[in-house]
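**Student:** Order-wise, the sequence lines are chains W, U and F. Be aware that the first sequence starts at 1001, since it is given in this note's numbering, and climbs by one per residue. Be aware that the second sequence starts at 212, since it is given in this note's numbering, and climbs by one per residue. Be aware that the third sequence starts at 1282, since it is given in this note's numbering, and climbs by one per residue. For glycine and all other residues, C-beta sits at the position ideal for the given N, C-alpha and C. Note that the structure is a prediction, hence the values are computed from the model and not measured. If you scroll down you'll find the structure; I have some questions about it.
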Amino acid sequence: MKFRWQRRHVGEALAKLLMFLSLGLVFASLVMILWTVLSKGLPALTWQMVSQAPKGGFYLGKEGGILNAILGSLYLAGGGTLLALLFSLPLALSLETYLGNSRWGNGVRLALDVLWGIPSIVYGAFGFTLMLALGMRASLLGGILVLALLELPIMTRAMDEVIRRMPRDLELAALALGSNKREVAVHVILRQMLPGIVTAILLAFGRGIGDAASVLFTAGYTDHLPTSLMRPAASLPLAVFFQLGTPFPEVQQRAYAAALILTIIVLVVSLSSRWLAARFGRFTVR
Amino acid sequence: MTDSSPALTRRQAQEKTTRRAVFVLSLLPLVLILFVTVALAARAWPILGQYSLWDLLGGIEWRPMRGQFGFLPFIAGTLWVTTVGVLLAVPPCLLTALYLSEYARPSVRAILKPVFDLLAALPSVVYGVWGVLVVVPFVGDVLRPFFHQHLGWIPLFASSQPTGYSILSGGIVLAVMIAPFIIAVTYEVLMTAPQDWRLGSLGLGATRWQTIRYVLFRHSLPGIIAGVVLGTSRAFGETMAVLMVVGNVPTLPTSIFDPAYPLPALIANNYGEMMSVPLYDAALLGAALLLLVIVLIFNIASTLVLQRVMGRRWV
Amino acid sequence: MTPHIRVRNLNAWYGTQPALKNINLEIPRQQITVIMGPSGCGKTTLLKTFNRFFELTEGARLTGQVLIDDEDIYARDVDETEVRKRVGLLAQRPTVLPMSIYENVAYGLYIHQMRKDARSYKEAVRHYLELAGLWEEVGKRLHDPATALSIGQQQRLCLARGLAVEPEIILGDEPTSALDPISSQHIEKKLLELKSRYTTVIVTHTLRQAKRLADYVIFMYMGEVIEAGPAQEVFTRPQQERTRQYLEGLF
């Protein structure tokens, strides 16, 4: 039984070697990306950067910060998330209680998965045509609408998966007590799955705040702080995009700072949703 | 039951209303897909009326001012960048997913899985920044001269320009972006394979790799392929990160060091002036429609396969 | 005859939880050895140490030796796939592979490159299906998926598959517990037929099955071997109080 090299061992060793190399490659890319953003962004990140809107001559490297983009992004993604929640929560609940694993239910899931896969630039173009038809101009509201559209399938499917992991006994027990399906949905599932649902909301928010292509047409960009739904709003991804394209190093600095802030927001959202799921998951019956 | 009783109780009436609301609500996703498609098609209609589909898809001249709308350079750009990205991404991603599901101990897995989820959560402009600062210089200053010197006689590796803004840069950025996605789907597919198969195979003295190749692949391959297709369709539509590194020159590329101009970049770069030139808006929204149709076909096919293989999907 | 498997000072843990405590055993060659004991006593764990399946559980570790023909299978330079080829395992539930009946049997031959051409594969598959008493039932539908078989047939297919890689030792982890009475009988009959050629070690929690099969008995309790000896002696004159209580059905 002593080890001797045979053909199958060669295959095994080769496979293992390639796997470690691949793992290393993927891991190294992640570290490199984070390092790039951190090392470029940290020196550029000043108090002025996060507390002020752009002032005159900002794009030539003068005074000002990117508060307009930070606030704009929070408003856009926040509004989009709330709007998406309005539809996705009832949709996810009814997927579980009324549609279940029926043909119709799975058809709805397929439609949601397909929506999820539609590129954000297409959503942006669609939103743009819609706004033209309605006589709207690029505005905070337009951006919120398109982001809601983008986030809806993500949020709904994530909730759906969370709810489906709930033990069926609880639902059956409630039904056995004479509750109807709507009552089950609202009283049992909602309460049980609250942490999971919040996780889904955070996931969708994270996607929304990082998306650039959809808000490019619909929300526009402005140097002013967002004050009205009908005015254009700046956003962090576009702040990165536009400022990185300028030839002035001082302006590019701001792109790095914006990228770092965006990364931090996304990581905080992602980590806190993870933490939430782990922390509150144990208060629910499994 | 409820219908036959003359007086519905309040709760029963409520339940009935809810049922109707649920039905209407469940139509929403499908309606949205149709709405997006129809709206884009309607706006793209004028250009389809003026030019034949062949002229549009096969034309290589893009001069909106002169009324020339050839999409071929952009279609070619999309195909080039996507192909390079997917080819670069698939082997390491499959191996990584195999490692995670078949070799890694649960404790190692518990550390690595969130790391990949983190990678998936990063916004595309962040990848773009990385692309501009790291990938483009690397391709331009290291890979391009190297290939030029040693493999320059192969058209695929010839360099026509001195910068790193090229298909290869776009492909590399794209590969890293779709990596977490492909890893996650492949991993999920592999995890649906029953543990008994592994034990049955290992118990006969098979190595793990033999178990993967002869037992697991048999079941999981359709799901893995579907995952790759899904990743490919993500790559098709990816806009910002690619746009930032790919050069955006509307030519027909022949080498991975050539610049390219993918469809999403075309739309993103020109939406501003499209209203001022006749038919320009129809052409750009036609590009969006084209992108949508390709992605819809890819998505529906692969999602159906995945639903069948796994019964569920969550990435 | 010399013992086939020898266990020396074997201690095993799952994490910090001890699973096996100082086991010393000698398992006779070409007989049926039955390991019995209440559930959770470590009998399956002990069985898994014989084909290096124990290490597949995370946090599992052991000290001591398991010797097969005086060769320690936990020595550093041992190839665990070779061990598993020599020591076949019949699991609680049949673990057929997702392929045809034919391929299930041919699989082991193939991965070990034990045959050269298609004809000898066919002959081998037939031979081992006959050995497991399954040929008559499946000979006409070799290329059907193995999952189409009844669960009892699946277990015999697993037996045929295991025999095909020519092991010396067959382990059975409650191999009939998922089967109906008739299928269980089939398996038991096969094991008795085969015992003159293979060393067989069976874990069971039914006393009656132990009595029907055993030539040699090991009684375990709380991770320790309480008593081991020829079946006749242990069943009629148990030396230990615990063994007597167990045999009388007190726990």
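Can you give the Cα-Cα distance for I511 of chain U and G434 of chain U, rounded to whole angstroms?
**Tutor:** Rounded to whole angstroms, I511 of chain U to G434 of chain U spans 13 Å at the Cα level.
**Student:** Short of 8 Å in beta carbon distance, which residues of its chain neighbour L413 of chain U, apart from the five on each side in sequence? Order them along the chain.
**Tutor:** The residues are R419, T422.
**Student:** Hey, I1451 of chain F and T1487 of chain F: beta-carbon distance below 7 Å or not?
**Tutor:** Not in contact: I1451 of chain F and T1487 of chain F (Cβ atoms no closer than 7 Å).
**Student:** If contact means a Cβ-Cβ distance below 8 Å, which residues of the segment 389-417 of chain U contact chain F?
**Tutor:** For the segment 389-417 of chain U, which is checked against every Cβ of chain F, the residues closer than 8 Å are D407, W408, L410, G411, S412, L413, G414, L415, G416, A417.
**Student:** Would V526 of chain U be called buried (16 or more neighbouring beta carbons within 10 Å of its own) or exposed?
**Tutor:** Bear in mind that a pLDDT of 33 at V526 of chain U, under 50, signals an unreliable position, so the number given afterwards is only what the model happens to contain. The residue in question, V526 of chain U, is buried, as its Cβ has 16 or more Cβ neighbours within 10 Å.
**Student:** Need the endpoints of the alpha helix (DSSP H) that A1441 of chain F sits in, please.
**Tutor:** Note, A1441 of chain F: alpha helix (DSSP H), 1432-1445.
**Student:** If we cut at 7 Å on Cβ distances, does V1364 of chain F have a partner in chain W?
**Tutor:** Chain W contact via Cβ: present.
**Student:** Return the residues of the segment 1328-1339 of chain F that lie within a Cβ-Cβ distance of less than 8 Å from chain U, sorted by chain order.
**Tutor:** Here the close residues are N1332, F1334, L1337, E1339.
**Student:** With a Cβ-Cβ cutoff of 7 Å, do G1323 of chain F and L1301 of chain F count as a contact?
**Tutor:** Yes, the Cβ-Cβ distance between G1323 of chain F and L1301 of chain F is below 7 Å.
**Student:** For M1503 of chain F, which option in F:F1331, F:A1491, F:Y1527 has the closest C-alpha, if you only look at C-alpha atoms?
**Tutor:** Taking only the C-alpha atoms, the option nearest M1503 of chain F is F:Y1527.
**Student:** Count the CB pairs spanning the segment 1139-1151 of chain W and the segment 1225-1243 of chain W that are closer than 8 Å, and state whether there are at least three.
**Tutor:** The segment 1139-1151 of chain W vs the segment 1225-1243 of chain W: in contact.
**Student:** Establish whether the CB of E1522 of chain F and some CB of chain W are separated by less than 7 Å.
**Tutor:** Closer than 7 Å: no.
**Student:** Taking Y1383 of chain F as the query, report the chain U residues whose CB atoms sit under 7 Å from its CB, ordered along the chain.
**Tutor:** Going along chain U, no residue has its Cβ under 7 Å from Y1383 of chain F, so there is no contact; the nearest lies around 14 Å.
**Student:** Work out the CA separation of L1023 of chain W and G1041 of chain W for me, nearest whole Å.
**Tutor:** The alpha-carbon atoms of G1041 of chain W and L1023 of chain W are separated by roughly 27 Å.
**Student:** Could you check which residue in U:D492, U:M451, U:P464 has the C-alpha nearest to that of A476 of chain U?
**Tutor:** Here the closest residue by C-alpha is U:M451.
**Student:** For A1413 of chain F and E1455 of chain F, what's the separation of their Cα atoms in angstroms?
**Tutor:** Distance between the alpha carbons of A1413 of chain F and E1455 of chain F is about 17 Å.
**Student:** Whose C-alpha, out of U:V506, U:R409, U:Q360, is nearest the C-alpha of E449 of chain U?
**Tutor:** Per the Cα distances, U:V506.
**Student:** Does any residue of chain W have a CB that is nearer than 7 Å to the CB of E1529 of chain F?
**Tutor:** It does not: the Cβ of E1529 of chain F has no partner Cβ on chain W nearer than 7 Å.
**Student:** Residues of chain F with CB closer than 9 Å to the CB of V426 of chain U, please, in chain order.
**Tutor:** L1378, P1379, M1380, Y1388, listed in chain order.
**Student:** Applying the 10 Å Cβ sphere with the 16-neighbour rule, what's the burial state of G1124 of chain W?
**Tutor:** Result: buried.
**Student:** Beta-carbon within less than 8 Å of V346 of chain U's beta-carbon, same chain only, minus the 5 sequence neighbours each way: which residues are those?
**Tutor:** These residues qualify, in order along the chain: G375, S380, I383, V384, V456.
**Student:** Beta-carbon within less than 6 Å of L415 of chain U's beta-carbon, same chain only, minus the 5 sequence neighbours each way: which residues are those?
**Tutor:** If we look at L415 of chain U and ignore the five residues flanking it on each side, it has no Cβ neighbours.
**Student:** Counting pairs of Cβ atoms below 8 Å between the segment 487-498 of chain U and the segment 382-402 of chain U, do you hit three or more?
**Tutor:** The segment 487-498 of chain U is not in contact with the segment 382-402 of chain U.
**Student:** When we look at the beta-carbon of T1283 of chain F and count the other beta-carbons within 10 Å, is it buried (16 or more) or exposed?
**Tutor:** With fewer than 16 other Cβ atoms within 10 Å, it is exposed.
**Student:** My parser needs the alpha helix (DSSP H) runs of 4 or more residues fully inside the segment 480-523 of chain U; what are they?
**Tutor:** Complete alpha helix (DSSP H) runs here, min 4: 491-521.
**Student:** Please go through the same chain and pick out, in chain order, the residues whose beta-carbon is closer than 8 Å to the beta-carbon of L309 of chain U, but skip the five residues on each side of it.
**Tutor:** Result list for L309 of chain U: T397, L401, I423, in chain order.
**Student:** For a test of the three-state rule: what should DSSP assign to L1045 of chain W, helix, strand or coil?
**Tutor:** Coil at L1045 of chain W, not helix or strand.
**Student:** Any idea what DSSP makes of A1509 of chain F, helix, strand or coil?
**Tutor:** In this structure, A1509 of chain F counts as strand in the three-state DSSP scheme.
**Student:** Which same chain residues, not among the five before or five after W273 of chain U, have their C-beta less than 6 Å away from its C-beta?
**Tutor:** For W273 of chain U, where only same-chain residues beyond five positions count, the Cβ hits under 6 Å are G281, P461.
**Student:** What's the C-alpha gap between L515 of chain U and A1111 of chain W?
**Tutor:** Roughly 11 Å between the two C-alpha positions.
**Student:** Measuring only the C-alpha atoms, how far is D352 of chain U from F368 of chain U?
**Tutor:** Taking the straight line from one Cα to the other gives about 14 Å.
**Student:** Output needed in chain order: residues of the segment 1177-1201 of chain W with a Cβ under 7 Å from some Cβ in chain F.
**Tutor:** Flagged: no residues at all.
**Student:** Taking the C-alpha atoms as reference points, what is the distance between M1159 of chain W and L1089 of chain W?
**Tutor:** Near 8 Å, if we compare the C-alpha coordinates of L1089 of chain W and M1159 of chain W.
**Student:** Over the uninterrupted alpha helix (DSSP H) stretch that includes T1487 of chain F, give me the two end residues.
**Tutor:** No alpha helix (DSSP H) holds T1487 of chain F; DSSP gives it neither H nor E.
**Student:** Given I201 of chain U, which residues of its chain have a CB within under 8 Å of its CB, disregarding the five upstream and five downstream residues?
**Tutor:** Residue 201 of chain U is absent from the structure shown; chain U starts at 212 and stops at 526.
**Student:** For G1196 of chain W, count neighbouring C-beta atoms within 10 Å of its own C-beta (all shown protein chains included) and say buried if the count is 16 or more, exposed if not.
**Tutor:** It is buried - the Cβ of G1196 of chain W has at least 16 other Cβ atoms within 10 Å.
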